[in-house]
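First up is the structure itself, then whatever we jot down about it.
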Amino acid sequence: MQTAVLILAFLASFCHSHGMMCWPYIRAVPGDPQNGWTLARRRYNDQLGGGKCHGLLKSTTLTQPLKPGKTFIDYIMTATHQGNCSVYLDRGKGEELIGFDSKCGLYPTPPPYRSTIPITLPNGNYKAVIRWLYVTNNGGGELFDSCADIQVSTKGTNARTQDACNRTVSWWPATCSTGKTQCSFADGTSPSFQTCKGGYFYPLDCLPGSYCVTKNGQAVCQKIK
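If you count by mature numbering (1 follows the signal peptide of the UniProt record, and there is no 0), then the sequence shown holds residues -17 to -1, 1 to 208, one letter each, in order.
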């Protein structure tokens, strides 16, 4: 019964939100992943202080160090309201456009749907913020964005799971102690795990070819032998 209620609440939230970036890992209000990422997918002027990144300040970098060069971001849409998507990089001196999709708000299949936008990360070693911005074209002028704190390194990797957006449709345990990590499912069967952030779990993925195992009470991604 409880599961059914949660699913209905998640589906109902689609009516009030249209999308979010799900890779790299974004800033989120503690507990929002357990609530179907409802706040993350809302128009960014609907909550908190409004403005860029939903008013959320710089946070812990959850994504592994990325490598300069060509890669892409993943996003999910829950309504097709036409419009375009831009991807910006801010290295501390203002935003620069690194990716664009003029038709991200149009898709041949019913929502929710997932897709990617190619981007190019400049050379060097630096910390930055990636911001995905969706501007609708349905007459309402709605704006949606997601921000991810990243680190770029020549020793980094752009490897990622095949469909990182799958994390947006899962339900996780409620509260936790800061620093706690746990596998999402039984040891050796799950390519994903959870880390405690702000008193609530945040879902993450192991790199391709790895599964989550528990060592010394903490979750560790281990390569498949």
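No residue lacks a Cβ here, since even glycine has one placed at the ideal position from N, Cα and C.
Model, not experiment: these values are computed from the prediction.
Strand pairing of residue i, partner residues [DSSP]
{"i": "Val118", "result": "Asn67 and Leu126"}
{"i": "Gly82", "result": "Val70"}
{"i": "Asp15", "result": "Answer is none; Asp15 lacks a bridge partner."}
{"i": "Arg10", "result": "DSSP lists no partner for Arg10."}
{"i": "Ala111", "result": "Ile133"}
{"i": "Thr54", "result": "Ile102"}
Length of the line joining the Cα atoms of residue i and residue j
{"i": "Arg10", "j": "Cys189", "result": "19 Å"}
{"i": "Leu187", "j": "Ala202", "result": "11 Å"}
{"i": "Lys76", "j": "Lys208", "result": "44 Å"}
{"i": "Tyr183", "j": "Pro13", "result": "6 Å"}
{"i": "Asp84", "j": "Leu40", "result": "26 Å"}
{"i": "Ile81", "j": "Ser167", "result": "33 Å"}
{"i": "Thr99", "j": "Asp57", "result": "4 Å"}
{"i": "Val152", "j": "Glu78", "result": "The pLDDT assigned to Val152 is 48, lower than 50, so where the model puts this residue is not dependable; a value taken from the coordinates is nonetheless given after this. Taking the straight line joining both Cα atoms gives about 30 Å."}
{"i": "Lys53", "j": "Pro101", "result": "7 Å"}
{"i": "Gln17", "j": "Phe127", "result": "20 Å"}
Of the residues the options, the one placed nearest residue i, counting alpha carbons only
{"i": "Gly88", "options": "Met4, Lys163, Asn67 and Cys159", "result": "Asn67"}
{"i": "Val70", "options": "Thr46, Thr61, Leu45 and Val118", "result": "Val118"}
{"i": "Ile197", "options": "Thr172, Tyr185 and Tyr96", "result": "Correcting the residue identity first, residue 197 is Thr in this sequence and not Ile. Minimum Cα distance to Thr197 is reached at Thr172."}
{"i": "Pro105", "options": "Leu116, Leu72, Gly2 and Ser98", "result": "Leu72"}
{"i": "Thr164", "options": "Gln17, Phe176 and Leu116", "result": "Phe176"}
{"i": "Ala131", "options": "Leu45, His1 and Leu22", "result": "Leu45"}
Assigned exposure category for residue i - 16 Cβ within 10 Å defines buried
{"i": "Ser160", "result": "exposed"}
{"i": "Ser129", "result": "buried"}
{"i": "Thr178", "result": "buried"}
{"i": "Gly200", "result": "exposed"}
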